[in-house]
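Colleague:
2 protein chains.
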Amino acid sequence: MNIPYRIQLDEEQIPTQWYNIRADMPEQPDPCLNPATGLPVTLEDLTPVFCEELAKQELDATTRYIDIPGPVREYYKMFRPSPLIRAYNLEKALGTPAKIYYKFEGNNTSGSHKLNSAAAQVYYAKEQGLTSLTTETGAGQWGTALSMAAAFFDMDLTVYMVRGSAEQKPYRRAVIETFGADIIPSPSKTTEVGRAILKEHPNTSGSLGCAISEAVEKAVSTPNCRYVLGSVLNQVLLHQSIIGIESKAAMDSIDEYPDIIIGCAGGGSNLGGLISTYMQDSLKGKSDTRFIAVEPASCPSLTRGRYAYDYCDTGKITPLERMYTLGSQFMPSADHAGGLRYHGMSPILSKLYHDGYMEAVSVQQTKVFEAAVMFAKHETILAAPESAHAIRTAIDEALLCKKTGEEKTILFGLTGTGYFDMQAYSSYLAGGMTDYIPSDAELEAGFCHLPNVELMRSASKV
Amino acid sequence: MNIPYRIQLDEEQIPTQWYNIRADMPEQPDPCLNPATGLPVTLEDLTPVFCEELAKQELDATTRYIDIPGPVREYYKMFRPSPLIRAYNLEKALGTPAKIYYKFEGNNTSGSHKLNSAAAQVYYAKEQGLTSLTTETGAGQWGTALSMAAAFFDMDLTVYMVRGSAEQKPYRRAVIETFGADIIPSPSKTTEVGRAILKEHPNTSGSLGCAISEAVEKAVSTPNCRYVLGSVLNQVLLHQSIIGIESKAAMDSIDEYPDIIIGCAGGGSNLGGLISTYMQDSLKGKSDTRFIAVEPASCPSLTRGRYAYDYCDTGKITPLERMYTLGSQFMPSADHAGGLRYHGMSPILSKLYHDGYMEAVSVQQTKVFEAAVMFAKHETILAAPESAHAIRTAIDEALLCKKTGEEKTILFGLTGTGYFDMQAYSSYLAGGMTDYIPSDAELEAGFCHLPNVELMRSASKV
Chain W
77 MNIPYRIQLD EEQIPTQWYN IRADMPEQPD PCLNPATGLP VTLEDLTPVF CEELAKQELD
137 ATTRYIDIPG PVREYYKMFR PSPLIRAYNL EKALGTPAKI YYKFEGNNTS GSHKLNSAAA
197 QVYYAKEQGL TSLTTETGAG QWGTALSMAA AFFDMDLTVY MVRGSAEQKP YRRAVIETFG
257 ADIIPSPSKT TEVGRAILKE HPNTSGSLGC AISEAVEKAV STPNCRYVLG SVLNQVLLHQ
317 SIIGIESKAA MDSIDEYPDI IIGCAGGGSN LGGLISTYMQ DSLKGKSDTR FIAVEPASCP
377 SLTRGRYAYD YCDTGKITPL ERMYTLGSQF MPSADHAGGL RYHGMSPILS KLYHDGYMEA
437 VSVQQTKVFE AAVMFAKHET ILAAPESAHA IRTAIDEALL CKKTGEEKTI LFGLTGTGYF
497 DMQAYSSYLA GGMTDYIPSD AELEAGFCHL PNVELMRSAS KV
Chain R
77 MNIPYRIQLD EEQIPTQWYN IRADMPEQPD PCLNPATGLP VTLEDLTPVF CEELAKQELD
137 ATTRYIDIPG PVREYYKMFR PSPLIRAYNL EKALGTPAKI YYKFEGNNTS GSHKLNSAAA
197 QVYYAKEQGL TSLTTETGAG QWGTALSMAA AFFDMDLTVY MVRGSAEQKP YRRAVIETFG
257 ADIIPSPSKT TEVGRAILKE HPNTSGSLGC AISEAVEKAV STPNCRYVLG SVLNQVLLHQ
317 SIIGIESKAA MDSIDEYPDI IIGCAGGGSN LGGLISTYMQ DSLKGKSDTR FIAVEPASCP
377 SLTRGRYAYD YCDTGKITPL ERMYTLGSQF MPSADHAGGL RYHGMSPILS KLYHDGYMEA
437 VSVQQTKVFE AAVMFAKHET ILAAPESAHA IRTAIDEALL CKKTGEEKTI LFGLTGTGYF
497 DMQAYSSYLA GGMTDYIPSD AELEAGFCHL PNVELMRSAS KV
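Those protein sequences? They're chains W and R, same order as listed.
Each residue of the first sequence is one higher than the one before, starting from 77 at the first, in the numbering used here.
Each residue of the second sequence is one higher than the one before, starting from 77 at the first, in the numbering used here.
#1: Could you give the distance in angstroms between the alpha-carbon of Pro105 (chain W) and the alpha-carbon of Ser317 (chain W)?
#2: Chain R partners of Pro147 (chain W), CB-CB under 7 angstroms?
#3: Roughly how many whole angstroms lie between the Cα atoms of Ser358 (chain W) and Ala137 (chain W)?
#4: Note down, in chain order, every chain R residue with its Cβ under 7 angstroms from the Cβ of Glu87 (chain W).
#5: Just confirm the distance between the C-beta atoms of Gly492 (chain R) and Gly187 (chain R), as a whole number of angstroms; I'd bet it's less than 8 angstroms.
#6: So, is the C-beta of Glu253 (chain R) closer than 8 angstroms to a C-beta in chain W?
#7: Run down chain B in chain order and give the residues with a C-beta less than 7 angstroms from the C-beta of Ala250 (chain W).
#8: Cβ of Ile457 (chain W) less than 8 angstroms from any chain R Cβ?
#9: In its own chain, which residues sit with a C-beta less than 8 angstroms from the C-beta of Gly256 (chain W), not counting the 5 before and 5 after it?
#10: Kindly indicate the opening and closing residues of the beta strand (DSSP E) around Cys301 (chain W).
#11: Please determine, among R:Arg239, R:Leu314 and R:Lys245, the residue with the shortest C-alpha to C-alpha distance to Thr288 (chain R).
#12: Does the distance from the C-beta atom of Gly403 (chain W) to that of Asp386 (chain W) stay below 8 angstroms?
#13: What's the C-alpha gap between Ser363 (chain W) and Ala174 (chain R)?
#14: What residues in the segment 434-453 of chain R have a beta carbon less than 9 angstroms from any beta carbon of chain W?
#15: Within this structure, are the beta carbons of Tyr199 (chain W) and Val117 (chain W) separated by less than 8 angstroms?
#16: If distances are taken between C-alpha atoms only, which option among W:Pro145, W:Phe451, W:Leu428 and W:His315 comes closest to Asn165 (chain W)?
#17: For the segment 418-478 of chain W, which segments carrying the alpha helix (DSSP H) assignment without a break, of at least 4 residues, lie completely within its bounds, in sequence order?
#18: If we require 4 or more residues per run, which alpha helix (DSSP H) segments fall completely within the segment 371-403 of chain R?
#19: Should the segment 144-160 of chain W be regarded as contacting the segment 78-93 of chain R, the criterion being three or more beta carbon pairs within less than 8 angstroms?
#20: Just to confirm my understanding: we take Val529 (chain R), look at its own chain, exclude 5 residues before and 5 after, and list those with CB closer than 8 angstroms. What are they?
#21: Is Lys484 (chain R) near Asp335 (chain R), with beta carbons less than 8 angstroms apart?
#22: Could you please tell me which residues of the segment 135-162 of chain W, in chain order, have their CB closer than 7 angstroms to any CB of chain R?
#23: Between the C-alpha atoms of Arg162 (chain W) and Gly219 (chain W), what's the straight-line distance to the nearest angstrom?
#24: How should Tyr504 (chain R) be labelled, buried or exposed, when 16 other C-beta atoms within 10 angstroms of its C-beta is the threshold for buried?
#25: For the beta strand (DSSP E) containing Glu181 (chain R), list its first residue and its last residue.
#26: From Val437 (chain W) to Met237 (chain W), what distance separates their C-alpha atoms?
#27: Would you call Ser193 (chain W) buried or exposed, if buried means 16 or more other Cβ atoms sit within 10 Å of its Cβ?
#28: Within its chain, find whatever has a CB closer than 6 angstroms to the CB of Leu428 (chain R); leave out the 5 residues flanking it on each side and keep chain order.
#29: Is it a yes or a no for the segment 515-529 of chain R touching the segment 264-271 of chain W, going by three-plus beta-carbon pairs under 8 angstroms?
#30: So, are the CB atoms of Val370 (chain R) and His465 (chain R) less than 8 angstroms apart?
#31: Below 8 angstroms between beta carbons: does that hold for Ala470 (chain R) and Phe488 (chain R)?
#32: Tell me, which residues are paired with Tyr141 (chain W) by DSSP?
#33: Less than 8 angstroms between the C-beta atoms of Ser540 (chain R) and Ser409 (chain R), yes or no?
#34: What did DSSP end up calling Ile513 (chain W) once you bin it into helix, strand or coil?
#35: In terms of residue numbering, what span does the beta strand (DSSP E) encompassing Thr353 (chain R) cover?
#36: How many Å lie between Glu446 (chain R) and Thr510 (chain W) at the Cα?
Pasting the structure below:
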């Protein structure tokens, strides 16, 4: 079979339903807890923060397939199906017998897969009659995606952007502003939690955890406003399942099945989406595909974190999730892969990893950029630093195949483009980039802040 | 017929031949002249500057179809066929009865159509055994495209980047450097012509004309090196014909034929490519499609220039082309559409315009950005300022249809994305953008420098 370079599905092949992986998990992730009581959150707990339909999706562990609303699917037509690409030129450059495929989610203005969930979330908010939304953004891809969807569905939006990213990426800010959203670098003085964080860490470059706290506070204190989140949550993995469903349809069309699936993992939205239907096969014992999460060595939640209940934010105002975490007070170094600098990990992915269905590796950023530059020269695509983590591991696995002679089929997620990350590329090219690995003592300090759920429960009973 | 949002051809539908429009022109453009003699250039005149195969293509007015070399077509597979998009959402927002289509050339890392010619030019240079190339770049899209192709085919490259653009777009520079090319802001002290220009205009922000002079000087003074150009030339329009061939194949597949074709025009590479096969129909009397070139009011070569022999560069070291020109000494204002700031226009397009086969309009940049922002909000794509000139006129034509009730079919070229032009978008959003229209006196001053070909001829005979 003559496999084209780009395997491009037709518009009619855009999925009509998302896939909810929880319906097929042998064991469910532990429930999300209300920090006031230590008890599982209810729909009533969530709806003041999230829009109702999204809150329902968050709690729905049984509905296997959920219809994609018509207007969301219409919106998807502007950038989906995204191409599955056979990396012929990278294979040749590596001299590997492995076949390398990547699902490229960067061919839209947000530059990433984030638009898949953004469109859905803004649509549901509009349907509910809300007038504004708040969110946080790290690297800026989620903020861009959400501003695009908000512009399209005519919804006001305030984006709390991690200060370090906002300063590194003025043009990313400008894109978000072009689509009409307000940007506030975080931590800021616009919220109580922001002011408190600034008081304690006046020179902080911020983190996703801080920005989440601020966005949530702003949402609950503004009438007819809700908070939306671009990763970590079950609802986001649900929407992102479209990546995996399309990948499988495209690979099926050329009679391919991956031996290894690789994705970068910050909060887990891309990886959770990419593996979706393939993990379904694996959970049902139909395949023995290896699933590999790739995280930065500077923020190693899966590989060096604890599997414990923790807050999703630094300000400790969100519900608690049981997940792999470095502790909500962990402040990652000013790494360039802003989108992977999150202390926790999707509870679904954490559970799959904990139960042995998934592997995880951590990689150092200089090796990541080395891979990204090589990839660009041979495959023409300039990857986002986040996505380049997956490229690094895909190359490593392909080189392993070269050693062993195995003709494995590798699929990785190329989540986005790096046009707004050129400062990082310049720093790498100039030899000014350093690697950072937190010490055990630093991690221990982070773990000290993990909440004691038992104590919460007894305290609330008093 | 249910027309999808994105009309996506298959890989096998990538054209196997380029189309040479000169073979069908009733009258040929006047020949390119050797400035030393005032006589038509020969292959021998061109080959010290251009690589041989490209020089042959430059002079070939009769071969209607030219085979695309296998490795170039292989390279095209990484980003072609590019999508033809039905702007359903823009149509709806405008409330127009017109059907609007755009051929989107921005879905590759160079962010534009420039990669079509870059791949061909680097390939031919490699085949000839050259070891390095030089070029100029304005907005940076050509420089990026060429650096990508040079990295892939393993060829050294020096890019003279218009100083204003280089300063406005540090991240564009970083992309070019990531692909391994050397960048020199122009005018520079690395060439005689650069030093002379700097002496006369020490604070100049440069122009494409200056940068061309420097790149040519560098090429002819470096062993085994040649100069390549991203627009204006016949060879470039030949390579870019792939845009039009694909557009026609895609529109044919949905039984559509454009009443109006619109493209932005700086040197003419995109417009010449977009109209190619449609102009063939028109020249043969098979259609009455209107072709509209859109240029910035600040640099109006077609609408206010002279149809005359002129140098292609500021330093007056290139051959003379008969074209619409503002004079090689015309220094355009620091407009944001760097890619359209060129004093001349493709000789082929100039001839077609002169003979009445094509129209031209000029638009002001604030109106261009207004259109670009509207387009982004409804179609999700953030256009390059250059491309947005075509959007402006497409919207204007669609609004005219709204008035008259005519259901016209409009096709425009969306040549590229604006990720590296966010400074311009920010300036527009902040209300800090101004329009500039050169006065008649300014234009007259430019025309004073037009060379006297008769004088050249008699002088060379003495």
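Note that the Cβ used here is the ideal one computed from N, Cα and C, for glycine as well.
Just so we're clear, the structure is a prediction, and the values are computed from it rather than from any experiment.
Modeller: Judging by the given coordinates:
#1: 17 angstroms
#2: Here the premise fails: no neighbours, minimum Cβ distance about 11 angstroms.
#3: 18 angstroms
#4: The contacting residues are Pro80, Tyr81 and Arg82.
#5: Rounded, the Cβ-Cβ distance is 5 angstroms, consistent with contact.
#6: Glu253 (chain R) counts as touching chain W.
#7: Of the chains in the structure shown, none is chain B; the protein chains are W and R.
#8: yes
#9: Ser223, Ala226, Ala227 and Leu233
#10: Cys301 to Tyr303
#11: At residue 288 (chain R) the sequence reads Ile, which differs from the Thr that was named. Comparing Cα positions, the closest option is R:Arg239.
#12: yes
#13: 51 angstroms
#14: Going along the segment 434-453 of chain R in chain order, one finds Ala448, Val449, Ala452 and Lys453 with a Cβ nearer than 9 angstroms to chain W.
#15: no
#16: W:Phe451
#17: 423-430 and 441-455
#18: 377-380
#19: yes
#20: Leu109, Gly114, Tyr385 and Leu396
#21: yes
#22: If the cut-off is 7 angstroms between Cβ atoms, the segment 135-162 of chain W has Lys153, Met154 and Phe155 near chain R.
#23: 30 angstroms
#24: buried
#25: For Glu181 (chain R), there is no enclosing beta strand (DSSP E), as DSSP marks it with neither H nor E.
#26: 28 angstroms
#27: buried
#28: Closer than 6 angstroms at Cβ, skipping near neighbours: Met434.
#29: These segments do not touch.
#30: Yes, they are a contact pair.
#31: For Ala470 (chain R) and Phe488 (chain R), yes; Cβs fall inside 8 angstroms.
#32: W:Tyr95
#33: Lying before the first or after the last residue shown, residue 540 (chain R) is absent from chain R, which here runs from 77 to 538.
#34: coil
#35: Looking at the DSSP string, Thr353 (chain R) is not in any beta strand (DSSP E); the run it does join, the alpha helix (DSSP H), is Ser345 to Leu359.
#36: 42 angstroms
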